[in-house]
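The letter at position 466 of the sequence shown is residue 466 when you use the UniProt record's numbering, and the numbering goes up by one with no holes. Here's the structure we're looking at; comments come further down.
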Amino acid sequence: MKVLSVASEVAPLIKTGGLADVAGALPAALAEKGVEMRTLVPGYPAVHAALDGSKPVLSDGNLFGGPAQILHGTAHGLDLYVLDAAHLFYRDGGPYAAPDGFDWWDNAERFAALSWMAATIATDGIGGWKPDVLHAHDWQGGLAPVYLQRLGGAHTVGSVFTIHNIAFTGSAGADMMARLRLPMEGYNPGGFEFHGRISALKAGIAYSDKVNTVSPTYAEELKTPEFGMGFDGALAHKGSDFCGILNGIDTDYWNPAKDPHVAGFSTPRGKSKARTALIEEFGLPYDNGPLCVVVSRLTEQKGFDLLLHAVPTLLERGGQLVVLGSGDPGLEHAFSELASRNSQVAVHIGYNEPMSHRLIAGGDAILVPSRFEPCGLTQLYGLRYGTLPVVASTGGLADTVIPDGVATRMAGVATGIQFAPGNAEALKDAFNHLCDLYANPDLWAQMQRNAMKHPVGWDVSAAAYAELYAQVARNP
Ligand SMILES: Nc1ncnc2c1ncn2[C@@H]1O[C@H](COP(=O)(O)OP(=O)(O)O[C@H]2O[C@H](CO)[C@@H](O)[C@H](O)[C@H]2O)[C@@H](O)[C@H]1O
């Protein structure tokens, strides 16, 4: 089985969030299931810099306003097709935003071009390689199945579309139809029209053979008006062609015994060095409450306004907090201000991969208070490192953390704490619960052991993707 994956970011080359981790981890995970996956990514400067020995395999004289070629090469063990289109991607700044923080003015064309090339490769093949399935991620790949149909490739190639973040809809004005090479007949509520505009996300949902999101609970939530953000009808309409497949993590890269960023450990007891190092790095007092950590984009989705309300409960009980994140300027300011007033709180605004490992290894608990969460990865890192997750009971958080309670305690399986999403009072209760657990070292150590042996790898989910591909491939 051959699969072309198309994604706007792929770890470790270029990453703004969890999409990159998943796009970067799937090829190796799927190789073990007999799937050969190659990945098409935009030729950002960081991607070009990471490429080993690439060669041009396709060219296009005018791809959405300029010349382009596809380079085939490898980087960090990934088999990559890189869309080398300088007029679209070779720019300073981030994948989606200019250095001033504003979205690139031409994002609709940039990712239409990526999707167009994905459909072209899938339809015609490239250098003798032709995929059985085109797997597109998020709105940036959403137009690929439309183009696949337009170019005639849908007869021979199946399509899968994965939703990692429904909050980004890939919206463009209806007057862009011709510029985006979209067929007029698709501009209707059953196609890619969404509230009088074009939506690349809606296109991905409507035109793909199968659609999935990244956890079973979130798949159910997305079919309701509360979570569906207007796409609930389209998703419910897919019926059994829409499902949830839980994310895994790369358990070699996130391995407490071999993590180059921390003093390694393989048992809960061994965590103490990493914990002490974290306390010293951030100049925290040696208190006797739980050391809580956050590694996240600081956005409305992630519920950090709730944490600001609830955190006094944690601090009053001797707990501490270290936050690593960036995003909403209001939240960045509020956390920095909290740290300046409080010696039990430390904040680092920014994106820092090595530091994220130090937090996850050294913390006692990791906080994920999201309002909604398709899957979430940091609670999985926490489980692997014996850093107990305190999570809102929503989406993939609900699917991955076994909450401490009478039954789970008796069965010896609890791995963390869940609380009602969007509710600061419930988070305060969760902090009290956490501090009670922390004061009981035997129980705490038992939960850490449970957490560290909880399966968080890709094995089961890679098999589920392989099964999805087999269902949509035209000649399996
Ligand atoms: N300041 C910082 N420094 C270093 N690392 C940082 C960081 N801020 C975030 N990260 C890292 O970025 C990734 C974030 O992934 P998440 O899954 O937690 O959320 P995200 O909302 O980006 O992903 C979306 O897609 C993923 C993948 O499907 C879903 O799990 C998720 O629910 C969905 O919202 C993690 O690897 C985390 O460690």
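Positions of the beta carbon are idealized from the N, C-alpha and C atoms, including for glycine. Since the structure is predicted, the reported quantities are computational estimates derived from the model, not experimental observations.
In chain order, Asn212, Ala219 place their CB closer than 7 Å to the CB of Cys243, counting only its own chain and leaving out the 5 sequence neighbours on each side. Boundaries of the alpha helix (DSSP H) harbouring Glu353: 353-362, taken from the DSSP string. Straight across, the Cα-Cα distance linking Asp175 with Arg110 is about 17 Å. DSSP lists Thr162, Cys243 as the beta-bridge partner residues of Asn212. Boundaries of the alpha helix (DSSP H) harbouring Leu314: 304-316, taken from the DSSP string. For Asp52, the enclosing beta strand (DSSP E) starts and ends at 52-60.
Secondary structure of Gln418 (DSSP, three-state): strand. The continuous beta strand (DSSP E) containing Asp79 extends over residues 78-84. As summarised for the stretch 364-423, the continuous beta strand (DSSP E) elements at least 3 residues long and confined to that stretch are 365-368, 388-392, 417-419, given in chain order.
Ranked by Cα distance from Pro421, the options Pro369, Asp100, Ser5, Pro56 are led by Pro369. Judged by pairs of C-beta atoms under 8 Å, the stretch 453-467 touches the stretch 27-35, as three or more such pairs exist. Counted as a single uninterrupted DSSP element, the alpha helix (DSSP H) harbouring Pro145 occupies residues 144-150. At the C-beta level, Cys292 and Leu380 stay beyond 7 Å of one another. Burial is judged here by how many other beta carbons sit within 10 angstroms of a residue's own beta carbon; Asn62 has fewer than 16 and is exposed.
Between Leu246 and Met37, the alpha-carbon positions lie close to 19 Å from each other. Annotation for Arg197: the continuous beta strand (DSSP E) segment containing it runs 197-199. For Glu281, the uninterrupted alpha helix (DSSP H) run begins and ends at 272-281, by DSSP. Under DSSP, Gly170 takes part in no beta bridge, so it has no partner. In this structure, Lys273 lies near Ala263, with their beta-carbon atoms less than 7 Å apart. Rounded to whole angstroms, the gap between the alpha carbons of Met1 and Ala277 is 46 Å. By the neighbour-count criterion, in which a residue is buried when 16 or more other Cβ atoms sit within 10 angstroms of its Cβ, Arg384 is buried.
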